[in-house]
Amino acid sequence: MDGSPKQLRIGLAGLGNVGAGVFKNLLKNAELLHERTGAELRVVRVAVRDPDRKRDVDVPAEILTTSWRELVDDPEVDVVVELIGGVDDAFELISSALRAGKAVVTGNKAVLAERGKELVQLSEEQNAPLYCEAAVAGGIPIIKAVKEALVGNHIDSIYGIINGTSNYILTRMTAEGIAFEEALAEAQEKGYAEADPALDVNGWDAGHKAIILAWLSYGRWLHPDEVSVTGIEDVSLTDVAFAISLGYEIKLLGVVRKAPGNERIEVRVAPSLIPRDHILSSVDGVFNAVAVRGDVVGETLFYGSGAGQDATSSAVISDLADAAENLINGVGCTGFVPHGDFGQALPLADTVSGYYLRLGVADQPGVLAQIANITGRHGIGILSVVQPEPEAPAAHIPLVLLLHDASQGTVDAALAEILDLGAVQADHALLRVESLKS
Ligand SMILES: NC(=O)c1ccc[n+]([C@@H]2O[C@H](COP(=O)([O-])OP(=O)(O)OC[C@H]3O[C@@H](n4cnc5c(N)ncnc54)[C@H](OP(=O)(O)O)[C@@H]3O)[C@@H](O)[C@H]2O)c1
Numbered sequence: 012m013d014g015s016p017k018q019l020r021i022g023l024a025g026l027g028n029v030g031a032g033v034f035k036n037l038l039k040n041a042e043l044l045h046e047r048t049g050a051e052l053r054v055v056r057v058a059v060r061d062p063d064r065k066r067d068v069d070v071p072a073e074i075l076t077t078s079w080r081e082l083v084d085d086p087e088v089d090v091v092v093e094l095i096g097g098v099d100d101a102f103e104l105i106s107s108a109l110r111a112g113k114a115v116v117t118g119n120k121a122v123l124a125e126r127g128k129e130l131v132q133l134s135e136e137q138n139a140p141l142y143c144e145a146a147v148a149g150g151i152p153i154i155k156a157v158k159e160a161l162v163g164n165h166i167d168s169i170y171g172i173i174n175g176t177s178n179y180i181l182t183r184m185t186a187e188g189i190a191f192e193e194a195l196a197e198a199q200e201k202g203y204a205e206a207d208p209a210l211d212v213n214g215w216d217a218g219h220k221a222i223i224l225a226w227l228s229y230g231r232w233l234h235p236d237e238v239s240v241t242g243i244e245d246v247s248l249t250d251v252a253f254a255i256s257l258g259y260e261i262k263l264l265g266v267v268r269k270a271p272g273n274e275r276i277e278v279r280v281a282p283s284l285i286p287r288d289h290i291l292s293s294v295d296g297v298f299n300a301v302a303v304r305g306d307v308v309g310e311t312l313f314y315g316s317g318a319g320q321d322a323t324s325s326a327v328i329s330d331l332a333d334a335a336e337n338l339i340n341g342v343g344c345t346g347f348v349p350h351g352d353f354g355q356a357l358p359l360a361d362t363v364s365g366y367y368l369r370l371g372v373a374d375q376p377g378v379l380a381q382i383a384n385i386t387g388r389h390g391i392g393i394l395s396v397v398q399p400e401p402e403a404p405a406a407h408i409p410l411v412l413l414l415h416d417a418s419q420g421t422v423d424a425a426l427a428e429i430l431d432l433g434a435v436q437a438d439h440a441l442l443r444v445e446s447l448k449s
């Protein structure tokens, strides 16, 4: 921050979807931001890969560069905004900027999930703040909510619909009966999904966000290997329809929680059945929502656009406003202290929920009794059974069981025995059922 008038001089790395939004909206609301922060938020340098690419925003040629290092090395840059995405280059960029004593703003959940521990440590060592509001749930201010507004709480649980593309696809499958591939193509056509939507549909985009939320809540950076992530690629229209008939809806749900008295934390992402009368089930299309339960506040819910140029740039700009305020007041790294370090991740086999199990079984007497015998021996209660009347005679017919809360390990062991029964086909579906009550 130079003398007067006060300025926050921004080096913007990346002018893609989000970067262009930041550039555009900083100009659009320049006066408002000046009034509110007391500083002029000014982009002084922009790094891109291809300087000749046609863009929606007019960036003066003299401030464009193809080397992000120029932003880091430039003494005229106060804060570096990393919006290039990916892990390796982004890590290099963020760590170099922090080492140069600059504040950094990033929207990159992948680099935080993979290398967040090192980056936060570096930020503290260098007394250079690292802000990341845009990294989880786009425009929803969930990072600040957990970090600041809920600072007086132990976090009991977080349940989040935190990937807009998956939610769009599941919403279309549920509302219109459109198959996964068709709904995905639609999401791509509308620009919701990336050209390579792998991280969206395989669950890892949500997995990265869940890792960040777990760090904020419990003070521990989980390694991605400690997190169980299942995407939506294998969700079938058959299961979507059964879920509805049972009073549920299938959502890609991120779960971050800690059982009372258990110091191990549970972080997982999977397509899950949630009750249709729970408010999260009404979160449709590309919208995101995060339900946070704290021991003092009780239940809270945050809803909004989880991605997109304007929504995400709103989050980046809020970090820039914080950066401006901290620079004006001579505050370095604000040293966020997450509450406690809760040892290890809870192994997947020990995580507990209800289950939806769809089997293909021979249409003959006694099969249900054999299955119930196995679940009973494993101590798993059956909540309900659905076996629709076959429209025409068939060798195998679907049998759907809703199972009471049980550990994944127990259910897996019982399922292995069930699938060994001669009357049961190998093809099946096992999904979590989350009551969302604790
Ligand atoms: N899109 C969203 O809605 C959203 C929401 C929340 C968070 N985020 C996160 O925000 C970040 C940016 O996402 P995006 O959608 O804006 O990505 P994008 O559209 O692919 O844009 C990436 C930008 O970075 C530039 N770039 C890439 N590598 C570079 C390098 N080595 N040096 C200099 N510039 C480089 C590209 O330059 P060229 O233009 O010249 O190719 C491009 O301008 C990602 O971490 C993403 O996860 C995105």
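Sequential numbering from 12 applies to the sequence shown in the working numbering.
All C-beta atoms in this analysis are idealised placements derived from N, C-alpha and C, irrespective of residue type, glycine included.
The straight-line gap separating the alpha-carbon atoms of V267 and N164 is approximately 15 Å. Residues of the same chain with a CB within less than 8 Å of the CB of G296, apart from the 5 flanking positions on each side, are G175, N178, Y179, T182 in chain order. For E136, the uninterrupted alpha helix (DSSP H) segment begins and ends at 120 to 137.
In this structure, the C-beta of W215 stays at least 7 Å away from each heavy atom of ligand 1.
Using a Cβ distance threshold of 8 Å, G22 and V55 count as a contacting pair. Collapsing the DSSP output to three states places E274 in coil. Judged by DSSP in its simplified three-state form, E445 adopts coil rather than helix or strand. Set against 7 Å, the gap from the CB of I95 to the closest heavy atom of ligand 1 is smaller. For I391, same chain residues with a beta-carbon under 7 Å away, outside a window of 5 residues either side, are L414, H415, A417, T421, V422, A425 in chain order. With a threshold of 7 Å, the Cβ atom of N28 counts as near ligand 1, since some heavy atom of the ligand is closer than that.
Looking at the DSSP output, S168 sits in a beta bridge with R268, R304. Annotation for N119 indicates a beta carbon within 7 Å of some heavy atom of ligand 1. Per DSSP, the unbroken beta strand (DSSP E) holding D416 starts and ends at 407 to 418. Three or more pairs of CB atoms, one per stretch, sit closer than 8 Å, so the stretch 296 to 316 contacts the stretch 146 to 166.
Straight through space, the alpha carbons of F253 and A41 are spaced by roughly 51 Å. Counting other Cβ atoms within 10 Å of its Cβ, Q375 stays below 16 and is therefore classed as exposed. Note: H439 is bridge-paired with L370 in the DSSP secondary-structure output. The beta-carbon distance between A335 and G149, rounded to whole angstroms, is 22 Å. This is too long to meet the 8 Å contact definition. In terms of side-chain proximity, the C-beta atom of A24 is found nearer than 7 Å to a non-hydrogen atom of ligand 1. For W79, the shortest separation between its Cβ and any heavy atom of ligand 1 lies below 7 Å. In this structure, I222 places its C-beta atom within 8 Å of the C-beta atom of A124. Per DSSP, the beta-bridge partners of V115 are V91, L141.
Secondary structure at T176: helix, using DSSP grouped into helix, strand and coil.
I74 counts as exposed, since fewer than 16 other C-beta atoms from the protein chains shown sit within 10 angstroms of its C-beta. Between V294 and I172, the gap from beta carbon to beta carbon is short of 8 Å.
Relative to ligand 1, even the nearest heavy atom lies 7 Å or more away from the CB of D321.
Look at the beta carbons and you see the stretch 273 to 291 not touching the stretch 113 to 131: under three pairs across the two are nearer than 8 Å. Checking the 7 Å criterion, the Cβ of V59 is within range of a heavy atom belonging to ligand 1. The DSSP-derived three-state label of S228 is helix. Placement of the Cβ of A221 at a distance of 7 Å or more from every heavy atom of ligand 1 is found.
With the rule of 3 Cβ pairs closer than 8 Å, the stretch 194 to 203 does not count as touching the stretch 326 to 333. Going by DSSP, R20 is part of no alpha helix (DSSP H) but of the beta strand (DSSP E) stretching over 18 to 24. In the three-state reduction of the DSSP assignment, V59 falls in the coil class, being assigned neither a helical nor a strand state. Counting along the chain, I328 sits inside the alpha helix (DSSP H) bounded by residues 320 to 339. Between V411 and R443, the gap from beta carbon to beta carbon reaches 8 Å or more.
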